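To start, the structure itself, in structure tokens.
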Amino acid sequence: MVIAIILGTIWLVLMLRSGLVEYKYYQSVKNLEPDIWNQLGSPVYLKIPMVFVSAKGAALLKEATNATVLALAAKHRQAGIQFVCYVMLVLIGAIAYFKLA
Numbered sequence: 003m004v005i006a007i008i009l010g011t012i013w014l015v016l017m018l019r020s021g022l023v024e025y026k027y028y029q030s031v032k033n034l035e036p037d038i039w040n041q042l043g044s045p046v047y048l049k050i051p052m053v054f055v056s057a058k059g060a061a062l063l064k065e066a067t068n069a070t071v072l073a074l075a076a077k078h079r080q081a082g083i084q085f086v087c088y089v090m091l092v093l094i095g096a097i098a099y100f101k102l103a
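With the numbering used here as the guide, the letters of the sequence shown map in order to residues 3 to 103.
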């Protein structure tokens, strides 16, 4: 039970961190790179993540020159990779546990 609470807490913290970094990244593009934001179609609400991962959106975001936007893009990528790696690690550990148990 304690292990489940610890794993769940780590998952929650990583997920919240990833979401917060993602939000800051979107807002920095919106405020600091308005030309790119307009070319993306000024997305709102649930459409924002879809525009950022589309081929057109990714190509436009590579043109960003603002240092803050670039730093937040790197931080966003890092937080996402850390979250996905944690989930994979827990799943692999669970599979190994149940195979050996």
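C-beta: ideal position from N, C-alpha, C; glycine also.
Quick caveat, the model's predicted, so the values are computed rather than measured.
Inset, instruction - Please report how far the alpha carbon of L102 lies from the alpha carbon of E65, in whole angstroms. - result: Your numbering for residue 102 matches position 100 in the sequence shown. Your numbering for residue 65 matches position 63 in the sequence shown. Looking at the two C-alpha atoms, the distance is approximately 50 Å.
Legend entry - Euclidean distance between Cα positions of P45 and W39: Residue mapping note: residue 45 aligns to position 43 of the sequence shown, counting from 1. Residue mapping note: residue 39 aligns to position 37 of the sequence shown, counting from 1. Their backbone Cα atoms lie some 8 Å apart in a straight line.
Inset, instruction - Using 10 angstroms around the beta-carbon of F85, count the other beta-carbons present and answer buried if the total reaches 16, otherwise exposed. - result: Translated into the one-based positions of the sequence shown, residue 85 becomes position 83. It is buried - the Cβ of F85 has at least 16 other Cβ atoms within 10 Å.
Inset, instruction - Look up A103 in the DSSP assignment and say whether it is helix, strand or coil. - result: Along the sequence shown, read from residue 1 onward, the residue named residue 103 stands at position 101. Note: A103 maps to coil in three-state DSSP.
Inset, instruction - Check Y116 in the structure and name its three-state DSSP category. - result: Since the first and last residues shown for the chain are 3 and 103, residue 116 lies out of range.
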